[in-house]
Amino acid sequence: MTHMAHYALQVPEPLFAHACKVAEEEKISANEFFVAAIAEKISSLETRAYFRERGARGDILGFDAWLSASPDIPVTVEGDRRD
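Numbering (our numbering), first residue to last: 6 to 88.
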């Protein structure tokens, strides 16, 4: 089992009340809700950093050349058109 750290979290009352209400609706404890929220935020920040790093390595001219070499054919799949 993972060792659990203890941290006294100070949360504004209205936010805490809302979080508890949502946790109850989801049938989870407030603790599970807060842990999931922390994990989700960490994942979001790491994902943003990953895409920034990947974007910095991008080659827009190479992408444009690749795109220009692609066949210019009409969209045949319903819903696949961006207008």
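Just so you know, even glycine gets a beta-carbon here, dropped at the ideal spot from N, CA and C.
- Item | Chain-order list of residues whose beta-carbon lies under 7 Å from that of Ser49 (same chain, five-residue window excluded) | none
- Item | First and last residue of the uninterrupted alpha helix (DSSP H) at Val40 | 35-61
- Where does Asp69 fall in DSSP's three states? helix
- Task: Name the residue from Arg53, Ser73, Ala22 whose alpha carbon lies nearest to the alpha carbon of Phe38.
- Result: Ala22
- Whole-Å CB distance - Ala35 paired with Ala24, under 8 Å assumed: Right, the Cβ-Cβ distance comes to about 6 Å (below 8 Å), so this counts as a contact.
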